[in-house]
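Below you'll find the structure, written out as structure tokens, and then a few comments.
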Amino acid sequence: MKTNQINKKISITVHLTPGNIDEMGLKDKNLIVIDVLRASTTIATALQNGAKEIMPVGTIENAVKISGSLFGGVTLRAGERNSKMIEGFNLGNSPKEFTEDVVKAKSIIFFTTNGTTAIGKGKHAKNLVVAGFVNLSKVVEFFINLQEDIVILCAANENVFCIEDAVCAGRIINKMAGSAGIELVLDDTGVACATLDKSFGKSILKMLKSTEHGKYLTEIGFADDLKICAALDSVQVIPMLVGNIIKLPKDIN
Ligand code: MLT
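For the working numbering, count along the sequence shown from 1 and bump the result up by 146.
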């Protein structure tokens with residue numbers, strides 16, 4: 147039997163690093179920012195555990211400056227340099243630290259080497275959503291409902307390609323491609339990411355363990371974080387940047 151289903155065409159453009167991306171080039175785009183290890187995972191975890199909001203900043207100096215003008219007790223400074231906690235900060239960048247006890251109702255000023263830089267590039271986007279494996283299905287659901295073109299920005303590592311972010315981009319693409327009523331139009335980078343996901347993405351944890359940053363995190367004592375970052379759909383939130391603040395849609399007026 148013939149069906150008359152009309153497929154909505156959605157184009158997905160993927161950038162493997164933020165290096166050559168200009169903020170104005172992302173203006174009014176629907177943007178997904180991915181930093182699997184670990185900023186995306188940490189942001190999603192913090193919001194799931196009741197953090198009020200996350201303020202991503204581009205430099206450690208800014209984190210210190212902003213927090214100085216905010217109320218102690220309700221504001222936490224979090225983030226990393228070389229993946230380790232920054233002196234004088236309350237938290238590092240391990241999702242394990244962002245428990246309900248610690249973050250509930252708190253505003254978190256957040257600096258990470260690559261994740262918050264990539265998010266900053268998207269400050270003029272129409273919709274900016276932070277994605278990792280942990281909240282992948284929620285993000286896909288959001289963009290399937292939106293039915294508009296998408297740009298995916300991988301945070302990468304100091305503007306060098308990272309397998310884990312590319313595989314996550316590929317998983318988002320493959321999951322969207324499987325949705326009824328949608329026809330994806332991909333650039334070559336998107337096709338490559340989707341293909342990478344079909345090979346390296348078979349075991350997310352195994353893939354993370356084999357990456358440069360995964361090996362480094364393991365070496366410095368964060369092996370458990372890889373398991374947390376690999377836990378597909380373990381966190382049911384859509385972190386969205388509004389103005390300069392990341393919140394959940396329910397908290398956006
Ligand atoms: C980053 O944004 O560079 C990372 O999240 C680094 C890390 O693993 O802490």
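Yeah, the Cβ is synthetic: ideal placement off N, Cα and C, and Gly gets one too.
In this text the structure is predicted, and so the values were computed from the model without any measurement.
Residue i: CB within 6 angstroms of a non-hydrogen atom of the ligand MLT
i    : result
G261 : yes
S349 : no
R317 : no
A369 : no
T191 : no
N208 : no
D174 : no
Integer-rounded CB distance, given that residue j should sit under 8 angstroms from residue i
i    : j    : result
V275 : F288 : 6 angstroms
L372 : L378 : Contact flag wrong, Cβ pair sits at about 13 angstroms.
V249 : N195 : 5 angstroms
P164 : N305 : 7 angstroms
I180 : C314 : 5 angstroms
D333 : T159 : 5 angstroms
Alpha-carbon to alpha-carbon, residue j and residue i
i    : j    : result
I200 : K284 : 19 angstroms
A312 : G327 : 25 angstroms
S380 : I319 : 19 angstroms
I398 : V388 : 8 angstroms
A251 : A192 : 10 angstroms
P202 : I265 : 7 angstroms
K321 : A185 : 22 angstroms
G234 : E246 : 21 angstroms
P241 : T187 : 6 angstroms
E243 : I374 : 12 angstroms
M147 : S325 : Low confidence applies here, because M147 scores a pLDDT of 49, under 50, leaving its location unreliable; read the following figure in that light. Taking the straight line from one Cα to the other gives about 20 angstroms.
K211 : Q382 : 32 angstroms
I309 : S157 : 22 angstroms
F346 : M353 : 6 angstroms
G300 : I232 : According to the sequence shown, residue 300 is Cys rather than Gly. If you take the alpha carbons of C300 and I232, they lie about 24 angstroms apart.
C-beta contact flag for residue i and residue j at 7 angstroms
i    : j    : result
V182 : G268 : no
F256 : T263 : no
N176 : N273 : yes
N236 : E226 : no
G350 : A323 : It is Ile, not Gly, that sits at residue 350 in the sequence shown. Cβ distance not < 7 angstroms, so I350 and A323 don't count as in contact.
Any non-hydrogen atom of the ligand GDP closer than 6 angstroms to residue i Cβ
i    : result
V276 : This structure lacks the ligand GDP; the ligands present are the ligand MLT.
6 angstroms Cβ shell around residue i - same chain, five flanking residues per side excluded
i    : result
G316 : C339, A340, L342 and D343
K173 : H270
Sequence-distant residues of the same chain with beta carbon closer than 8 angstroms to residue i, five excluded per side
i    : result
K154 : Q293, G327, I328 and E329
Chain-order list of residues whose beta-carbon lies under 7 angstroms from that of residue i (same chain, five-residue window excluded)
i    : result
A209 : V203, R223, G225, I255 and F257
K393 : E199 and M386
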